[in-house]
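Inspection log for the structure reproduced underneath, given as structure tokens.
Protein chains in written order, with the numbering used here: chain L, 1 to 405; chain C, 1 to 405.
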């Protein structure tokens, strides 16, 4: 298994593009319209936001995925087309226009939108931009596409991995976006993953759901689960491997590669949380069950008090214990150890539920790094889980105090 | 029913005091030790944090309340005595010392602590301060006591109400603290309520639990439920009214007065949330059940994105819909209306799930007031609930980025 370039257009038969059409301000002409396209039919799997308020493109994409097949994905940024007048009408127009430009049917396309809620979509700009975006499709288009799906993100989130399966080279590519409104409860952002691996629809959907549960559902930025979250996985089978069978060695090999792609994207999103300066992970070890470990770890990376302490490089481990304590998981508080780890060192701060003396100067150094691990060790079993988040900073407040202007 | 002065020492037979003993820095000698005392036996009821990690004083107070009786409460601020070495030993010493100073038994006292977690309590300072605090007990002592229980709070939270019951004047007094680590899940802060109303223990406990569910459990500052939350209600019966019977007119009258005291304290805590500039309330109307209305309203006032929008005076109602959508309550998104109300006016921003055109200048004015109501109206029934919170500001990040220094 190795990391390669090319992102979402790296797998055989896939192309991508990103253009500026005018949904975002035309001042600096940032990309705001992306297409991901396969030159042949794909089996496709999706997971969507669990928010009761779902944007129109989510409803449309779910409908188009009913038959389990797609040819491509059309995405705009700058407007979420959620709770907006003519929402479904405009989402439908997007699918129709990209179908027209590719001489396919609207049902061959998934549609996704991200940006402000409640404002009518500038459908004229999108309709005018679609032929340009289709025209621009290329094997080198993933970088442009990864730009075109961003909102408040500061970095693109693109990856590709290749591996050998059954004597064939199989490739997986992905792009994602997400910075605010990020909280573990399904997709929680946009992520589009392509592969040329031959794989049946039910196997693909199971794999997607299982991996999302352990990656995207374990990140948080601000506790807000968006109306537009959507993760799609398209497989066109062009690698010509024998279709994967659950439980086989090839299946496990591909699962691991796909897991790595998702974990990478999840960490990139957490790292790029709005205003974030640090990637914070919390790993709970030696728990009775993985569910308990996950609840505790999620609670820690979600805590505003832990997040502000990390911003201040303050080894305030009491807040970690407090967050574990209200996670909903039952445990013995007298059997919990806590450490902070970064490339600069390790600080053990709590043993058996009681504070340890520690070197405050070293703690400050450890907690000033840009990646910090919080290790919580129970004495109740052998299960573990990791969740990811970021610090809570002045810039989060700044970015969100005036998002619409 | 009328509001009077005197706080927690207003009811007949109660005195209070607050002194500086040295748990807080001796630089500006802020009060850090409080006593609330009744000159005769009280029936007492308590509600406590649901956090699995409970501070030592919580465990001790629960034990001392097992017989349903108390004579007084001893509180220190500056150190939470949670996850701290010798926690239970030091909490026990506090009760012993105040018993010695009053010639009563340790079981006659509740003990509470608030402040930093995981640091050994300065028990010498507290033991030295207790005789002074007992000496200082007076009918005018509530203001000093209300100061002595604060941590990052910027205002004291003191109230007293008197009412006529059965031809007698009955008085209720209260002091509270709470600013960070505030989230609806029981007590969520310290609050001590005294009354001279004659009332049996089971009636008192039912009344406390019922009212806390509708007041303190409906506020949030930062989603963190503390290890030390505790609300105690003491009644010494000195008003000489006939003991209250559930369902009677007097019961209802007293319940209403007590509810007002708790709602006042809850709103004061939300208003004084760490770094807060505005009190935000969310009322959900016309819901199918009160539980659904409460879940939705809690979700809105807990949302970091709603809280930062309120900080920025930004009528970003999409975030309100988004928060209602992930509240866990099921509803039809196409039947939801949203308005913002303040003393400066009313702005209707969403009808039937779709954005309305509104005057942005007026919206900015409405959302620049210090008290803002978010009204969410469903079309599903006749039930309603209100929850309270505050905006999320630079100062919250500042206060919590470096709390321990």
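Here a beta-carbon is modelled for each residue, glycine too, at the ideal position from N, C-alpha and C.
At least one C-beta of chain L is nearer than 8 Å to the C-beta of residue 321 of chain C. The alpha carbon of residue 338 of chain L has as its nearest neighbour, out of L:170, L:297, L:52, L:82, the alpha carbon of L:297. With distances taken between CA atoms, residue 49 of chain L lies nearest to L:232 out of L:381, L:232, L:286, L:29. According to DSSP, residue pairing for residue 384 of chain L in a beta bridge does not occur. For residue 311 of chain L, the residues of chain C that pass the 7 Å Cβ criterion are 397, 401, in the order they occur in the chain. Residue-level contact check: residue 394 of chain C touches chain L, since one or more beta carbons of chain L fall below 8 Å from its beta carbon. At a cut-off of 8 Å between beta carbons, residue 305 of chain L contacts chain C. A Cβ-Cβ distance of about 12 Å is found for the pair residue 282 of chain L and residue 390 of chain L, leaving them out of contact under the 8 Å criterion. Using beta-carbon distances, residue 314 of chain C counts as an interface residue toward chain L, with a partner under 8 Å. Under a criterion of Cβ atoms nearer than 8 Å, the residues of chain C adjacent to residue 350 of chain L are, in order, 83, 118. Across the structure, residue 134 of chain L and residue 336 of chain C are spaced so that their CA atoms are roughly 38 Å apart. For the 8 Å CB-CB criterion, residue 159 of chain C and residue 264 of chain C form a contact. Secondary structure note for residue 48 of chain L: its beta strand (DSSP E) is the uninterrupted segment 33–48.
Annotation: the continuous beta strand (DSSP E) that includes residue 231 of chain C extends over 230–235. Pairwise C-beta distances place the segment 196–214 of chain L out of contact with the segment 80–94 of chain L, as fewer than three of them are shorter than 8 Å. The beta strand (DSSP E) runs lying completely inside the segment 50–113 of chain L and spanning 3 residues or more are 69–79, given in chain order.
Residue 215 of chain C sits away from residue 11 of chain C, with the two beta carbons spaced by 8 Å or more.
With respect to the 8 Å criterion, residue 369 of chain L and residue 344 of chain L are classified as neighbours on the basis of their beta carbons. Excluding its 5 nearest sequence neighbours in each direction, residue 122 of chain L has C-beta neighbours in its own chain below 6 Å: 23, listed in chain order. When Cβ-Cβ separations below 8 Å define contact, residue 358 of chain L makes no contact with chain C. Nearest CB-CB separation between residue 51 of chain C and chain L: below the 8 Å threshold. Cα atoms of residue 157 of chain C and residue 196 of chain C: separation of roughly 20 Å, rounded to the nearest angstrom. Contact of residue 130 of chain C with chain L by beta-carbon distance below 8 Å is absent, the smallest such distance being about 25 Å. For chain C, the residues of the segment 327–343 of chain L that bring a beta carbon within less than 7 Å of one of its beta carbons are 330, 331, 333, in chain order.
Burial check for residue 1 of chain C: the Cβ neighbour count within 10 Å stays below 16, so the residue is exposed. With at least 16 other beta carbons inside 10 angstroms of its own, residue 294 of chain L counts as buried. At a cut-off of 8 Å, the C-beta of residue 388 of chain C has no neighbouring C-beta in chain L.
Secondary structure note for residue 334 of chain L: it is in no beta strand (DSSP E), with a DSSP letter that is neither H nor E. In the three-state scheme derived from DSSP, where H, G and I count as helix and E and B as strand, residue 133 of chain L is classed as helix. The C-beta distance from residue 274 of chain C to residue 396 of chain C rounds to 5 Å, short enough to fall under 8 Å.
Annotation for residue 197 of chain C: no alpha helix (DSSP H) segment contains it, and DSSP assigns it neither H nor E. In this structure, the CA atom of residue 169 of chain L is about 22 Å from the CA atom of residue 211 of chain L.
If you compare the alpha carbons of L:248, L:270, L:229, L:289 with that of residue 302 of chain L, the shortest gap goes to L:270. In the three-state reduction of the DSSP assignment, residue 322 of chain L falls in the helix class.
Rounded to the nearest whole angstrom, the C-alpha separation of residue 268 of chain C and residue 110 of chain L is 49 Å. Close partners of residue 353 of chain C in chain L (Cβ separation under 9 Å): 53, 83.
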